[in-house]
Amino acid sequence: MEQLGRILLVEDDHRDVELTLTALEEYKLANEVAVVRDGQQALDYLYCRDDFENRIAENPAVILLDLKLPKINGLEVLQQIKSDERLKMIPVVVLTSSKEEKDMVRSYALGVNAYVVKPVDFNGFLNAVKELGVFWAIVNEPPPGSVRK
Amino acid sequence: MPEQSAPVTAEMVHSVESSSDGGARRFFARWDRKFLRLQSPVARYGFAIACIAVALGLALASSQLEFREVGLIGLARVLLTVAVVLAAWYAGIGPAVVAVALATAAYVFFFTEPIYSFAVSWEDSPNLVVFLVWEAGALWFVIVRRLTETELRAARDRLEREVVQRTQQARLLDQTHDSIFVRDMNDVIIYWNRGAQELYGWSAQDAVGKNSQELLGTVFPSAAAGARDALLERDRWEGELIETKADETQVVVDSRWSLRRDDQGQPAAVLVTNNDITPRKHREEEIVALNRELIKRTEDLGAANKELEAFAYSVSHDLRAPVRHVIGYSELLHKQACSTLDEKSRRYMQAILESAKRMGALIDDLLGFSRIGRADTNKTTVDLGQLVSEAIAELRPQIGDRDIAWSLGALPACHGDRAMLRIALVNLISNAVKFSRHRARAEIAIGSTEGQHNQIEVFVKDNGAGFDMRHADKLFGVFQRLHLSEEFEGTGIGLATVQRIIHRHGGNIRAEGAVDQGATFYFSLAKA
Chain A
150 MEQLGRILLV
160 EDDHRDVELT
170 LTALEEYKLA
180 NEVAVVRDGQ
190 QALDYLYCRD
200 DFENRIAENP
210 AVILLDLKLP
220 KINGLEVLQQ
230 IKSDERLKMI
240 PVVVLTSSKE
250 EKDMVRSYAL
260 GVNAYVVKPV
270 DFNGFLNAVK
280 ELGVFWAIVN
290 EPPPGSVRK
Chain B
387 MPEQSAPVTA
397 EMVHSVESSS
407 DGGARRFFAR
417 WDRKFLRLQS
427 PVARYGFAIA
437 CIAVALGLAL
447 ASSQLEFREV
457 GLIGLARVLL
467 TVAVVLAAWY
477 AGIGPAVVAV
487 ALATAAYVFF
497 FTEPIYSFAV
507 SWEDSPNLVV
517 FLVWEAGALW
527 FVIVRRLTET
537 ELRAARDRLE
547 REVVQRTQQA
557 RLLDQTHDSI
567 FVRDMNDVII
577 YWNRGAQELY
587 GWSAQDAVGK
597 NSQELLGTVF
607 PSAAAGARDA
617 LLERDRWEGE
627 LIETKADETQ
637 VVVDSRWSLR
647 RDDQGQPAAV
657 LVTNNDITPR
667 KHREEEIVAL
677 NRELIKRTED
687 LGAANKELEA
697 FAYSVSHDLR
707 APVRHVIGYS
717 ELLHKQACST
727 LDEKSRRYMQ
737 AILESAKRMG
747 ALIDDLLGFS
757 RIGRADTNKT
767 TVDLGQLVSE
777 AIAELRPQIG
787 DRDIAWSLGA
797 LPACHGDRAM
807 LRIALVNLIS
817 NAVKFSRHRA
827 RAEIAIGSTE
837 GQHNQIEVFV
847 KDNGAGFDMR
857 HADKLFGVFQ
867 RLHLSEEFEG
877 TGIGLATVQR
887 IIHRHGGNIR
897 AEGAVDQGAT
907 FYFSLAKA
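Here it is as structure tokens:
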């Protein structure tokens, strides 16, 4: 079996979490997915603080980031990640419902590695998630300091 | 004569000789008028000769009365001298000289020894000398007076001409439409023209002598003192004033002041020219009000647009998610339970899936449509030919293995937003492909013709299902469809989007067609 990287999924909608995990499951990528439900948690996770104080201090191989999130939104999380020396090397994939051009422009301006609009069609979604997972968690060589099993 | 009106008119245009001159002028005018009675040379010389003749007659008559001893010579001398003075006074210098000559001759002939001779005895010569001195004195007096009088006459004529000129100028001032008045340094009005009467409603009699600021209730834009200082400093001032007319309505005037100084350079009077700019002011105010309204509407529109954007953003995020979930879970369920479901249940499941997908497509198309309206256009030179090729390539999945006869004409470069024009072409070509799918051999032609106003007209023609021209106006409306969705799928947003794109490019779109005879869409674009 291929080596599996740790994927951080930042998603507030529990159905989207389930569908994403199901899609990753299809391709046996679900095991190492850490799920956080808002922007605050995402940053706490990345900085190993509060609820995540005791986690192994390694960066995920890839972050799948929704944009519309409670507390701190996806773009703010992205900005924080990309402006932090220790975090900015983690590949971030924006995975969102929104086709809004300004979100896309802003995301790329902040240095996002990929921007994926979740297709309405579930098969399309499956393919997207599979490709994302396979590419970023398996094929891509993660930056030093990231989890690799 | 002009003397009556001169003080007012002259003072108003220019400072004039002081009024103490008035008495002398009147005196000489009267003196001159007496002279004017003896204007012809005949009358003047005749008068002189007559004077001498009368004096001589009186002198000779008195000699008959035996007054010789009591100083007849003295009486004759007095009478003749009086005659010379009268002649000189009333007839002028020439006749006076003639009178002197005649008087001297008469005196020598009648009143010096030897009598009745022009010779003069030694004893009588002192009398002749005295007589000549008297005559000379009388003549000198008259000549001096005459010279003075001539000078005065010239001065008076000059003055008169000036007065006439000033009066004419004053009449001209009176005739201008501008309102003109003159006030002294205490703001007391000393001249008021007809324009001022027409503007304010007060006649010259009403206004002259009144304080102008009190009469007109002048409102200065800033402190009145500022205007006065500026006037004294630069000799002129210009500004807008609000004043009140006789009928108590307000008037806005464009006021120009110019300061007149006297010979010593001291401020003497202010000439005020006022133009009524009330109508212009009203128009300006109207324009300002309209502008304010426009700004407000623009702001409202901006706010509405923002709201719409927020709405679209929300739709884009929140409305799409449940649709995705319905589809996602339906497909998962389908996968899980397909084998255990009966035919009917499978059909229900399919219906759920299809409806959800349709919902998703609708949302995506609507968002696209709204985005076309909101997005900024980024216009460059666009190669339409290449764009058509790209659109056809994008439609490969829809075309599949259908037999389509493409007829692609030359398409020039045009000026527009590449991404938007691509969406328009994809929509139009996709429609042509879709509506011609029942043809054994579909024919789609794309080309262009010269349009008006430096535009080109691009057409996309198919031999498909066509449409009834009676419904042509509905083609480009949002959610308007001319076919059943079982017949031809679609959201009814495509052509509305195309029209919006073309309109945003300043072009027009129209369609021609007939049921079962195909359709042709034409749109115009600016040439590159």
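Protein sequence lines correspond, in order, to chains A and B. All residue numbers for the first sequence refer to this note's numbering, where the first residue is 150 and numbers rise by one. All residue numbers for the second sequence refer to this note's numbering, where the first residue is 387 and numbers rise by one. Note that CB positions come from ideal geometry on N, CA and C, so glycine has one too.
Residue i: first and last residue of the uninterrupted beta strand (DSSP E) it sits in
{"i": "Pro798 of chain B", "result": "That residue, Pro798 of chain B, is in no beta strand (DSSP E); it is neither H nor E in DSSP."}
{"i": "Gly833 of chain B", "result": "828-836"}
{"i": "Ser507 of chain B", "result": "Here Ser507 of chain B belongs to no beta strand (DSSP E), and DSSP marks it neither H nor E."}
{"i": "Thr604 of chain B", "result": "Thr604 of chain B -> no beta strand (DSSP E), and no H or E assigned at all."}
{"i": "Thr766 of chain B", "result": "765-769"}
{"i": "Val269 of chain A", "result": "Segment: none, Val269 of chain A is in no beta strand (DSSP E) and carries neither H nor E."}
{"i": "Ala905 of chain B", "result": "905-912"}
{"i": "Leu158 of chain A", "result": "156-159"}
{"i": "Ser589 of chain B", "result": "Note, Ser589 of chain B: premise wrong, no beta strand (DSSP E); not H, not E."}
{"i": "Gly899 of chain B", "result": "895-899"}
{"i": "Thr883 of chain B", "result": "Where Thr883 of chain B is concerned, there is no enclosing beta strand (DSSP E), although the alpha helix (DSSP H) it sits in stretches over 880-890."}
Identity of the residue in the options nearest residue i by Cα
{"i": "Leu173 of chain A", "options": "A:Val278, A:Arg198, A:Val241", "result": "A:Val278"}
{"i": "Gly880 of chain B", "options": "B:Gln554, B:Glu693, B:Ser507, B:Gly754", "result": "B:Gly754"}
{"i": "Leu178 of chain A", "options": "A:His163, A:Arg155, A:Asp162", "result": "A:Arg155"}
{"i": "Ser641 of chain B", "options": "B:Leu618, B:Ala723, B:Phe567, B:Leu694", "result": "B:Phe567"}
{"i": "Glu843 of chain B", "options": "B:His891, B:Gly443, B:Arg666, B:Gly480", "result": "B:His891"}
{"i": "Glu872 of chain B", "options": "B:Asp848, B:Phe821, B:Glu898, B:Ala897", "result": "B:Phe821"}
{"i": "Gln838 of chain B", "options": "B:Arg757, B:Val658, B:Leu911", "result": "B:Leu911"}
{"i": "Gly714 of chain B", "options": "B:Ile887, B:Val494, B:Glu740", "result": "B:Glu740"}
{"i": "Val516 of chain B", "options": "B:Gln599, B:Tyr493, B:Ile778", "result": "B:Tyr493"}
{"i": "Met571 of chain B", "options": "B:Gly480, B:Ala474, B:Ala654", "result": "B:Ala654"}
{"i": "Glu167 of chain A", "options": "B:Phe874, B:Ala541, B:Phe527, B:Val712", "result": "B:Val712"}
{"i": "Asn208 of chain A", "options": "A:Leu236, A:Glu181, A:Glu175, A:Val226", "result": "A:Leu236"}
{"i": "Asp270 of chain A", "options": "B:Met745, B:Gln554, B:Arg614", "result": "B:Met745"}
{"i": "Met806 of chain B", "options": "B:Leu794, B:Gly759, B:Asp787", "result": "B:Gly759"}
{"i": "Leu617 of chain B", "options": "B:Gln841, B:Gly786, B:Arg646", "result": "B:Arg646"}
{"i": "Val774 of chain B", "options": "B:His869, B:Ala582, B:Trp792", "result": "B:Trp792"}
{"i": "Asp165 of chain A", "options": "B:Leu861, B:Asn817, B:Arg710", "result": "B:Arg710"}
Same chain, Cβ closer than 6 Å to residue i, five either side skipped, listed in chain order
{"i": "Gln903 of chain B", "result": "Gly852"}
{"i": "Gly878 of chain B", "result": "Phe865, Gln866, Arg867"}
{"i": "Ala462 of chain B", "result": "Ala445, Phe497"}
{"i": "Glu537 of chain B", "result": "none"}
{"i": "Ala777 of chain B", "result": "Leu811, Val812, Ile815"}
{"i": "Ala505 of chain B", "result": "none"}
Chain-order list of residues whose beta-carbon lies under 8 Å from that of residue i (same chain, five-residue window excluded)
{"i": "Val637 of chain B", "result": "Leu585, Tyr586, Ile628, Glu629, Thr630, Lys631, Asp662, Thr664"}
{"i": "Ala914 of chain B", "result": "Thr767, Val768, Pro798, Ala799, Cys800, His801"}
{"i": "Asp161 of chain A", "result": "Arg186, Asp187, Asp215, Lys217, Leu218, Pro219"}
{"i": "Leu719 of chain B", "result": "Met735"}
{"i": "Ser608 of chain B", "result": "none"}
{"i": "Phe284 of chain A", "result": "none"}
{"i": "Met855 of chain B", "result": "Glu898, Gly899, Ala900"}
{"i": "His857 of chain B", "result": "Leu868"}
{"i": "Gly795 of chain B", "result": "Ala831, Ile832, Gly833, Ser834"}
Range of the contiguous alpha helix (DSSP H) that encloses residue i
{"i": "Ile681 of chain B", "result": "664-700"}
{"i": "Tyr194 of chain A", "result": "188-195"}
{"i": "Asp333 of chain A", "result": "The structure shown has nothing for residue 333 of chain A, since chain A only spans 150 to 298."}
{"i": "Arg808 of chain B", "result": "804-821"}
{"i": "Phe433 of chain B", "result": "427-450"}
{"i": "Val486 of chain B", "result": "479-497"}
{"i": "Leu173 of chain A", "result": "163-175"}
{"i": "Ala613 of chain B", "result": "610-620"}
{"i": "Glu729 of chain B", "result": "729-760"}
Sequence-distant residues of its chain with Cβ nearer than 7 Å to residue i (five each side left out)
{"i": "Val884 of chain B", "result": "Ala810, Asn813, Leu814, Ile895"}
{"i": "Asp573 of chain B", "result": "Asn597, Ser598, Gln599"}
{"i": "Lys667 of chain B", "result": "Val638"}
{"i": "Leu752 of chain B", "result": "Ile879"}
{"i": "Leu465 of chain B", "result": "Ala441, Leu444, Ala445"}
message: If the cut-off is 7 Å on Cβ atoms, which residues from the segment 215-227 of chain A count as contacting chain B, listed in chain order?
response: Only those residues of the segment 215-227 of chain A whose C-beta falls short of 7 Å from the nearest C-beta of chain B are listed: Lys217.
query: How about the segment 721-737 of chain B and the segment 759-771 of chain B: do they share at least three Cβ pairs that are nearer than 8 Å?
result: no
query: If contact means a Cβ-Cβ distance below 7 Å, which residues of the segment 694-724 of chain B contact chain A?
result: Listed by position along the chain: Tyr699, Ser702, His703, Arg706, Ala707, Val709, Arg710, His711, Ile713, Gly714, Glu717, Leu718.
query: Is it a yes or a no for the segment 422-439 of chain B touching the segment 480-490 of chain B, going by three-plus beta-carbon pairs under 8 Å?
result: Judged by Cβ distances under 8 Å, the segment 422-439 of chain B makes contact with the segment 480-490 of chain B, as three or more pairs qualify.
query: In chain order, what residues of the segment 191-211 of chain A put their CB closer than 7 Å to some CB of chain B?
result: none
- request: Quick one: which residues of the segment 740-755 of chain B get their C-beta closer than 9 Å to a C-beta of chain A? List them in chain order.
  value: Those residues of the segment 740-755 of chain B that come within reach of chain A (Cβ to Cβ, closer than 9 Å) are Ala742, Lys743, Met745, Gly746, Ala747, Ile749, Asp750, Leu753, Gly754.
query: Can at least three beta-carbon pairs, one atom from the segment 237-253 of chain A and one from the segment 689-708 of chain B, be found at a separation below 8 Å?
result: Taking 8 Å as the limit for Cβ pairs, the verdict is that the segment 689-708 of chain B does touch the segment 237-253 of chain A.
- prompt: Given a limit of 9 Å on CB to CB distance, which residues of the segment 756-785 of chain B reach chain A?
  reply: Arg757, Ala761
- request: Would you check if the segment 471-483 of chain B and the segment 524-536 of chain B touch, i.e. whether three or more CB-CB distances between them fall below 8 Å?
  value: yes
- request: Mind checking the segment 166-192 of chain A against chain B and listing, in chain order, the residues whose C-beta falls within less than 7 Å of any C-beta there?
  value: Against chain B - using a Cβ distance shorter than 7 Å - the residues of the segment 166-192 of chain A are Leu168, Thr171.
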